[in-house]
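First comes the structure, then the notes that go with it.
Residue numbers (this note's numbering): 49 to 348.
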């Protein structure tokens with residue numbers, strides 16, 4: 049029962065993360081927003097480890113795992129924060145729905161196992177079609193929107209690489225240690241990027257922008273990262289990526305309700321196509337078809 053609860057928590061946290069990122073960017077530069085988020089999360093994670101009486105490092109090989117996990121924070125997250133200046137929170141979540149396909153390709157290249165069958169290939173084709181539909185719809189918003197889409201796709205690729213590398217190392221490191229280690233390695237890079245590209249903090253901080261930074265630090269990082277690492281230890285990366293079937297709906301709804309983001313026809317059609325492609329990729333439609341056909345076959 050514990051794994052389904054953690055899975056649902058990850059869906060809710062990931063579904064609300066794009067909204068939190070856009071709200072953070074209202075008062076802060078994108079580099080300041082992500083730097084502050086991790087700057088708050090890091091000492092909290094270290095404090096939790098101290099309270100639990102657990103050391104950060106037990107073996108030299110731990111650093112290899114922390115390095116792989118850190119890729120999912122830097123440079124993956126700054127790309128998303130930058131993209132959030134130009135595209136909606138719902139679109140960010142929809143584009144991250146392509147992560148299972150990228151994870152499959154990474155599994156093929158790194159783990160040397162072929163996860164693709166006819167359903168997955170069909171799903172990949174549908175996903176590309178959905179991406180084309182979204183691209184065409186975003187052209188009306190100018191080149192900045194296209195750059196935002198490309199940035200999120202780059203982030204998804206880095207995140208998928210991080211996930212596959214973590215599974216390859218097959219580490220037994222506790223999720224909170226893994227979170228603290230990843231934050232420790234990624235924060236200096238985030239701080240330096242902020243220092244050399246911006247170096248300033250907002251004077252007038254809105255309550256919802258400041259609250260979004262704290263929410264993402266505590267819920268998105270301190271709870272979300274350990275929950276995700278916990279799932280990686282107990283489920284395959286491809287199965288975990290099923291949450292991408294659910295998070296876009298949460299993100300689109302929150303974006304429309306709180307930020308009054310418009311839901312263009314091209315975005316909805318493209319999102320629907322990508323979600324359908326995910327259903328094919330995960331074999332859900334095949335299993336549903338076999339379930340429907342089994343009573344008919346049993347009567348013959």
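Ideal Cβ placement from N, Cα and C applies to all residues, glycine included.
Values in this document were obtained by computation on a predicted structure and should not be read as measured data.
- Cβ-Cβ distances below 8 Å link residue 253 to 75 and 76 in the same chain, with the five nearest sequence neighbours on each side left out; the list follows chain order.
- Across the structure, residue 319 and residue 263 are spaced so that their CA atoms are roughly 27 Å apart.
- For residue 236, the enclosing alpha helix (DSSP H) begins and ends at 223-245.
- Look at the beta carbons and you see the stretch 227-242 touching the stretch 106-125: at least three pairs across the two are nearer than 8 Å.
- Considered as a whole, the stretch 178-223 harbours no complete run of any beta strand (DSSP E) with no fewer than 3 residues.
- Nearest C-alpha to residue 226 among 94, 84, 129 and 66: 94.
- Beyond the five residues adjoining it in sequence on each side, residue 113 comes within less than 8 Å, by CB distance, of 214, 217, 219, 221, 226 and 229 in the same chain, given in chain order.
- Separation of residue 84 and residue 261 (C-alpha to C-alpha, rounded to the nearest whole angstrom) is 7 Å.
- For residue 102, there is no enclosing alpha helix (DSSP H), as DSSP gives it neither H nor E.
- Taking residue 152 as reference, the option from 270, 136 and 169 with the minimal CA-CA separation is 169.
- Inclusion of residue 134 and residue 196 in the CB contact set at 9 Å is warranted, their separation being smaller than that value.
- No Cβ-Cβ contact shorter than 9 Å links residue 81 with residue 322.
- When DSSP states are grouped into helix, strand and coil, residue 146 belongs to the coil group.
- Comparing C-alpha distances from residue 140 to each of 300, 313, 317 and 328 shows the shortest one belongs to 300.
- Exclusion of the five residues before and after residue 203 leaves 124, 127 and 128 as the residues of its chain whose Cβ lies within less than 6 Å of its Cβ.
- Between the stretch 153-160 and the stretch 300-315, the count of Cβ pairs shorter than 8 Å is below three; the stretches do not touch.
- By the beta-carbon neighbour count (other beta carbons within 10 angstroms, threshold 16), residue 70 is buried.
- For residue 122, there is no enclosing alpha helix (DSSP H), as DSSP marks it with neither H nor E.
- The Cβ-Cβ distance between residue 271 and residue 57 falls below 9 Å.
- Contact between residue 64 and residue 302 is confirmed by a C-beta separation of about 6 Å, below the 8 Å threshold.
- Taking each of 208, 144, 191 and 166 in turn and checking the Cα distance to residue 62, the smallest one comes out for 144.
- Relative to the Cα of residue 207, the nearest Cα in the group 242, 146 and 257 belongs to 146.
- In the DSSP annotation of this structure, the continuous segment of the alpha helix (DSSP H) that includes residue 277 starts and ends at 272-282.
- Residue environment: residue 130 is assigned as buried (16 or more neighbouring CB atoms within 10 Å of its CB, all protein chains considered).
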